[in-house]
Each structure stands twice: as C-alpha cells, then as structure tokens.
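Colleague: Residue numbers (our numbering), protein chains in the order written: chain A, 1 to 291; chain B, 1001 to 1283.
Virtual Cβ for every residue (Gly too), placed ideally from N, Cα, C.
Take a look at this one; I'll ask things after.
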Amino acid sequence: MAKTYRRSQWSHGLFILPYLSAFALLLVFPLFWGIWLSLHKVDLFGPGRFVGLANYVRVFADPVFLQALRNTIVFVIVSVPSLVALGLFLALALNRTTRATSFFRGLFFSSSVLSVTIVTLIWRFVFIPGDGLMSVIFKHLGAEPIHFLSTSGWSLFSIGVATVWWCLGLPMMLFLAALQQIPADLYEAAALDNASPWRVLTRITLPSIARTIMLVTIIQIVMQFQLFGQAQLMTNGGPNGTSRPLVMYIYEVGFVRWDIGKGAAASQILFLIILCAAMAQYVVSTRKTEN
Amino acid sequence: MAANNKTYKPDALTTNPTLLWIAGVLSVVMMAPVAWLVGLSIKNNQELMLGTDSVFRLPYTAVNYLNILQTSRVFGWFFNSLVVASGQTLGVLVLSSLAGYAFARLEFPFRRTLFVIVLFGLAVPEQAVIIARHQMFNWFGLHNTYLGLMLPGLSSAFGVFLMTQFFRAIPKEIDEAALLDNASQFRIFWKIMLPLTLPAQATLGIFTFLHGWNDYWWPLISATKKDMFTLTVGIASSQTNFAQSEGLGFLASQAVFASLPVLVVYLIFQRHIVTAVSGGAVK
Chain A
1 MAKTYRRSQW SHGLFILPYL SAFALLLVFP LFWGIWLSLH KVDLFGPGRF VGLANYVRVF
61 ADPVFLQALR NTIVFVIVSV PSLVALGLFL ALALNRTTRA TSFFRGLFFS SSVLSVTIVT
121 LIWRFVFIPG DGLMSVIFKH LGAEPIHFLS TSGWSLFSIG VATVWWCLGL PMMLFLAALQ
181 QIPADLYEAA ALDNASPWRV LTRITLPSIA RTIMLVTIIQ IVMQFQLFGQ AQLMTNGGPN
241 GTSRPLVMYI YEVGFVRWDI GKGAAASQIL FLIILCAAMA QYVVSTRKTE N
Chain B
1001 MAANNKTYKP DALTTNPTLL WIAGVLSVVM MAPVAWLVGL SIKNNQELML GTDSVFRLPY
1061 TAVNYLNILQ TSRVFGWFFN SLVVASGQTL GVLVLSSLAG YAFARLEFPF RRTLFVIVLF
1121 GLAVPEQAVI IARHQMFNWF GLHNTYLGLM LPGLSSAFGV FLMTQFFRAI PKEIDEAALL
1181 DNASQFRIFW KIMLPLTLPA QATLGIFTFL HGWNDYWWPL ISATKKDMFT LTVGIASSQT
1241 NFAQSEGLGF LASQAVFASL PVLVVYLIFQ RHIVTAVSGG AVK
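Shown next as structure tokens:
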C-alpha cells in the first residue's frame, strides 16, 4: 500500500501548483520580461523597437554608471571583510552558554531585525553636522567636526558604518553555529599537547570553520552588492555621486527618469554579478557533501 | 570519558575573559546610537533647536510621543504595514507548506527538475525583476493597493526551501501508517503532517512577517500615494525633510515608535528568528 503512495502521480503535483503559479507569474515571467525590455527601446507608453545591445552600450558608456559600479565594489571590498572579521570575533568571544553571552548575542543580533529606514534614521542622528552625536562629541573634545554625510569619502564610509552595525548579527550567528559543530576531541588532543590558545585558534578552530567563512563571505557579497536604502536615505548618493551604489542607479534610471530600457539593462548587469556570487556559494556548499 | 567531555571547555581561546570584555565594550558602542535616539525622542523640540547636547540634561518629556497619537500619519502607515506583512505571512505559509510537503514527501513527474528551478529562484535578486514587475503591476492596476504590496513577497523561494527541509525531517512511518487507513493525500497533509510542522510554521511565519514589515524597496516603488505608504516608506518620507518641519525630537520618537513592535516580536521569538535566518543561509 505504501507503494501507491510513493508512486509518481500527476495529482501529487497539485500541491505545488499554487506556489508554482506565484513563482512563474511574479518571478520567472518578470525575469524574462526584464531581459526582453533591456533589448528594446522603451518609453512610458510601452515597448518600442528591438535595439539589440544598444541599452547595454548606453549603460557602459554612462560615467554615472561606472562611478556607481566603482562605489559599489569599493563598498563591498571594505564592508564585507569588516562584517566577516567582526562576526567571527564576536562568535569566538560568545561561544559559551552563560547568561552574559546569550544576552550579548541577543543584543548584537537585535539591530538586524530593524528596517533600513530606522537604521538610517538612527545613524543620521549620529552623523548629521551640528546636531549629530558625532558633532556633539567632537565639540566636547574641541575638535573640528567632520561633515560625514556630505564629504566625499566620508559619506560612503558613514554608509558602511551603518551597514556593518545593521548586518553584523547574521555572520555572528552563522559562525556560532559552525563553532558548535567542531568535534570536542580535537580540542582534547590539543589540551593534551598543551597547545597555546593562539595555536588552537589557528590550527584547529579556523581550519574547522573554513567552509563557513567562505559561505558567510559570499552571502555578504551578495547582500552588500544590493546596497540601496542606506545610501538613498543617508546621503542620497552624494556628494557628486560618490556614494551612489548600483541599485540606486537602477532606481534613478528606471523609476525617476523612466528610461526603462536602460534601467532594465543595468539591472541585468547587477543580476549577472550576483549570479556569479550565488554560483560560487552553490559550489562551496555542495563541495563538503562530496568529501 | 563522557564526564571528561563535560568539564572540558570547548575552546581554549574563549575561556579568555578579555575577549568577553572587548565584546562588552563593543556592545556599548553598538547601543550608543540607540541611546542617543531614545534621548532625542524624550526632549522638547525647541530645546533641541538650541543644541542637541541638551539630551544629557533634564527635563525630559513625553510630548513627542503624545504628538504621534494626535497628529501624525504614522498610525495609518502602521496599519498598512500590518495588513501587508500579515497578508504576506499567511500567503507564504500556505504556499510554502503545500509545496514543501509535496517536494519532500510525494513523487510526481519533474519533481527534481522543478525543485532545482525553484532553488535557482533564490539566486534572483529583486532588482533584476523590479522594472518588469512594476510594468506588470501597472497593467493590472495593482499599484497603491494592498494586494499589489503583498503579492511580490509570495514568490520568495526561501519558504518553500525551508518547509521542504522541515517536512523531510518527519519520519516516514507516520504517514505510511495513515495511508493504511486509506486516508486521502490531502487529509494526511492537513490532519497529520501540518500539526507536526507547527514549530516550523512559527519560524517561517515570524521570519516572513519581519521581512514584510521591514521591506523598503518594493513599497517605495509601488506605493506612491501617501495613504498607501507602509511604515518604512512613510518614516523615510518624513526623514527627507529632516529637522526642518517637525523637529528632531518628533522624528526620533517616530523612529522609536516604529521599531517597538519589531523589537517586541524579536524579544519574544528570538529563537525562531535565529533558526530561520541561520538555517536558511547555511544549508
């Protein structure tokens, strides 16, 4: 009787039909429609003629796009290692179950549940010139306040600080989960050898969670490439576009200037970049099962 | 040996209390901006205009919070967020449970292929589909409606992925016994399987709710009428005319007010949220 149950039946597919229709209509179709749009000249009234890769050429010829691409890459290169290093440090420090450590874990993760709007509001209150917390501190120290949000370089830095503050919880939790998987006998052997804490860290702990470090890095690359809200709300990409990320470029081209073809082309480029990272994640996460 | 294991400290390095102290200092740095926000929210706007360092001095006031109750649109936005996030949560739970059950425990043609395609959906960032999706919703007049704000959340593959894992973990004997009683496939799902996944439903439900509540990008694009703003977009819109109209203290109190529900949910369901977030990312 169990055999009938295990047998392949079309009717069993009915269970996935509701989700599959949502998936097809809201994700698959727009994905291909977006690619189609990126190959056409489109205005507000609808798609026009086929223009091949002209939209992509226009995107790559646009200095604003190139600047946004460079900003995003700089942002990822700085923010991702910071997140990984801080997350790893916190996980190592809090890898025990006492009342204090679980309190700290909860606290460091708590910012992750806030919306980007709240996070940027909090950090604007810190960084705004004159009234911000930093200005108040600088004034008390007798130093010249820095205009964090409107100085080139500092603006992207400020966005990075807010982002690390916001996103720190996930890497920490993932590292903690990985640390708890390390077999205890490895540490017992090390204790028998009287290994120093530093040696234990570099010879046992870090090699054991190498795969997780890779995964967390890739996950963060994918997430930070999609930087948008922080930049839009804290600096609006300024000054002179020095803190404008790729997604903000897509938003401005597609929804402020309504150049749909060009916006669609730019979003496909972002998609390709993220897809590469996602592929890397897939390769890393399946590699272990083969061993 | 077993007793030995218990007394053994899992990581020699973490027994070092210095690390915990550094973490403590970091937590103060982490909380300082929040304390500053709360401080601003309980100060009179006029006093803040003269200098925000007055935060460190008495008197404090609840007037900004009372102003939220009386004047602002925040309550309307709050309600919109509640409707959208709840609708999404319900939709995702239904769709993901049905699909997860079938992917994990039933056989049907193209099961593997479809599952791989759905997994591929996890790699598609929202930005890649946003322009086409905006056009589609335009054709059907879905912008500035609750339905329009809810629908995109339903396509997320994350829930299906999570529920498939949970359904796989249930022992095979349970539904095989039910099958001997000639129960229909849907009855087995509804009466036997679903109750077993209640903890998983809670995990996915809370996660989806938070996600919907915090979403900024789609409501920003889809909701253009002030009445249809969600809380995130609404607060963002009053942020843009920073300080000039309503005052820093009032703005800060709005931020505190808007983050309270999320923090309460977090405090109550911390374990579920951490499970959902870390389970989905690693496996």
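When the Cα of residue 104 of chain A is compared with those of B:1256, B:1164, B:1020, which residue comes out closest?
Modeller: The candidate whose alpha carbon is nearest that of residue 104 of chain A is B:1020.
Colleague: Alpha carbon to alpha carbon, what distance is there between residue 1125 of chain B and residue 1222 of chain B?
Modeller: Using only the alpha carbons, I get a separation of about 17 Å.
Colleague: Determine contact between the region 198–212 of chain A and the region 140–152 of chain A, defined as no fewer than three beta-carbon pairs at a distance below 8 Å.
Modeller: Touching, no.
Colleague: Give a yes or no on whether the minimum CB-CB distance between residue 1136 of chain B and chain A is below 8 Å.
Modeller: By this cut-off, residue 1136 of chain B is an interface position.
Colleague: For residue 244 of chain A, name the three-state secondary structure that DSSP assigns.
Modeller: Residue 244 of chain A: coil per DSSP, three-state reduction.
Colleague: Indicate the three-state DSSP secondary structure (helix, strand or coil) for residue 1124 of chain B in the structure shown.
Modeller: The answer is coil: DSSP assigns residue 1124 of chain B none of H, G, I, E or B.
Colleague: Using C-beta distances below 6 Å, list every residue in its chain close to residue 38 of chain A, excluding the 5 sequence neighbours before and after it, in chain order.
Modeller: The residues are 55, 264, 265, 268.
Colleague: Which of the three DSSP states, helix, strand or coil, is assigned to residue 1011 of chain B?
Modeller: In this prediction, residue 1011 of chain B scores a pLDDT of 48, lower than 50, which makes its location untrustworthy; no coordinate-derived value is stated.
Colleague: Please confirm whether residue 221 of chain A has its beta-carbon closer than 8 Å to some beta-carbon of chain B.
Modeller: Chain B contact via Cβ: absent.
Colleague: Taking only runs of the alpha helix (DSSP H) that begin and end inside the region 1215–1278 of chain B, which ones reach a length of at least 4 residues, in chain order?
Modeller: Whole alpha helix (DSSP H) segments, 4+ residues: 1217–1222, 1231–1240.
Colleague: Going by DSSP in three states, residue 51 of chain A sits in which element: helix, strand or coil?
Modeller: Residue 51 of chain A falls in the coil class under three-state DSSP.
Colleague: Output the distance between the C-alpha atoms of residue 112 of chain A and residue 1143 of chain B, rounded to the nearest integer angstrom.
Modeller: Answer to the nearest angstrom: the Cα atoms are 29 Å apart.
Colleague: Less than 8 Å between CB atoms is the rule here; does residue 117 of chain A satisfy it with respect to chain B?
Modeller: Judged by the 8 Å Cβ criterion, residue 117 of chain A is in contact with chain B.
Colleague: What residues in the region 1019–1048 of chain B bring their beta carbon closer than 8 Å to a beta carbon of chain A?
Modeller: Cβ contacts with chain A: 1019, 1020, 1022, 1023, 1024, 1026, 1027, 1030, 1031, 1032, 1033, 1034, 1036, 1037, 1040, 1048.
Colleague: Compute the Euclidean distance between the alpha carbons of residue 274 of chain A and residue 89 of chain A, then round it to the nearest angstrom.
Modeller: Rounded to whole angstroms, residue 274 of chain A to residue 89 of chain A spans 27 Å at the Cα level.
Colleague: Compare the beta carbon distance of residue 155 of chain A and residue 11 of chain A with 8 Å and say whether it is the shorter of the two.
Modeller: No, they are not a contact pair.
Colleague: Go ahead and pull the three-state DSSP assignment for residue 1043 of chain B.
Modeller: Of the three classes helix, strand and coil, the one that applies to residue 1043 of chain B here is coil, per DSSP.
Colleague: For residue 43 of chain A, which of helix, strand or coil comes out of DSSP?
Modeller: In this structure, residue 43 of chain A counts as strand in the three-state DSSP scheme.
Colleague: Roughly how many angstroms separate the alpha carbons of residue 202 of chain A and residue 220 of chain A, rounded to a whole number?
Modeller: Roughly 23 Å separates the two Cα atoms.
Colleague: What are the residues in the region 1060–1087 of chain B lying within 7 Å of chain A by C-beta distance?
Modeller: Hits within the stretch: zero.
Colleague: Answer with yes or no whether the minimum CB distance from residue 8 of chain A to chain B is below 8 Å.
Modeller: Yes, residue 8 of chain A counts as interfacial toward chain B.
Colleague: Give the residues of chain A in contact with residue 1235 of chain B, contact being defined as C-beta atoms less than 9 Å apart.
Modeller: Chain A residues near residue 1235 of chain B: 115, 117, 118, 121.
Colleague: Express the C-alpha separation of residue 197 of chain A and residue 1014 of chain B in angstroms, rounding to a whole number.
Modeller: Low confidence applies here, because residue 1014 of chain B scores a pLDDT of 47, under 50, leaving its location unreliable and the question unanswered by this model.
Colleague: Using a Cβ-Cβ cutoff of less than 8 Å, which residues in the same chain neighbour residue 124 of chain A once the five nearest sequence positions on both sides are dropped?
Modeller: Excluding sequence neighbours, residue 124 of chain A sits near 132, 149, 233, 234.
Colleague: How close, in whole Å, do the beta carbons of residue 1164 of chain B and residue 1076 of chain B come, if the pair is a contact with beta carbons under 8 Å?
Modeller: That belief does not hold up - the Cβ atoms of residue 1164 of chain B and residue 1076 of chain B are roughly 38 Å apart, past 8 Å.
Colleague: So, at 7 Å on beta carbons, what are the nonlocal neighbours of residue 1038 of chain B in its own chain, with the 5 sequence-adjacent residues on each side left out?
Modeller: Same-chain partners within the cutoff: 1256.
Colleague: By a C-beta neighbour count over all protein chains shown, 10 Å radius and 16 as the cutoff for buried, is residue 262 of chain A buried or exposed?
Modeller: Residue 262 of chain A comes out buried.
Colleague: Which residues in chain A sit within 9 Å of residue 1232 of chain B, going by Cβ to Cβ distance?
Modeller: Residues of chain A passing the Cβ test: 115, 116, 117, 118, 229.
Colleague: If we define contact as Cβ-Cβ less than 8 Å, is residue 1263 of chain B a contact residue for chain A?
Modeller: So, interface residue.
Colleague: Identify whether residue 971 of chain B lies in helix, strand or coil by the three-state DSSP scheme.
Modeller: Given that chain B is displayed from residue 1001 to residue 1283, the structure contains no residue 971 of chain B and the question cannot be resolved.
Colleague: Could you compute how far the alpha carbon of residue 1160 of chain B sits from the alpha carbon of residue 1212 of chain B?
Modeller: Cα to Cα, residue 1160 of chain B sits roughly 16 Å from residue 1212 of chain B.
Colleague: Give a yes or no on whether the minimum CB-CB distance between residue 1195 of chain B and chain A is below 8 Å.
Modeller: It does not; no Cβ of chain A falls within 8 Å.
Colleague: Report yes if the C-beta distance between residue 978 of chain B and residue 229 of chain A is below 8 Å; otherwise report no.
Modeller: Outside the shown range of chain B (1001 to 1283) lies residue 978 of chain B, about which nothing can therefore be said.
Colleague: Considering Cα atoms alone, identify which of B:1154, B:1086, B:1261, B:1227 is closest to residue 1073 of chain B.
Modeller: Residue 1073 of chain B has its Cα closest to that of B:1227, out of B:1154, B:1086, B:1261, B:1227.
Colleague: Residue 214 of chain A CB to nearest chain B CB: under 8 Å?
Modeller: With 8 Å as the cut-off, residue 214 of chain A does not count as an interface residue toward chain B.
Colleague: Please check if any C-beta of chain A sits within less than 8 Å of the C-beta of residue 1114 of chain B.
Modeller: For residue 1114 of chain B, the answer is yes, since a Cβ of chain A falls inside 8 Å of its Cβ.
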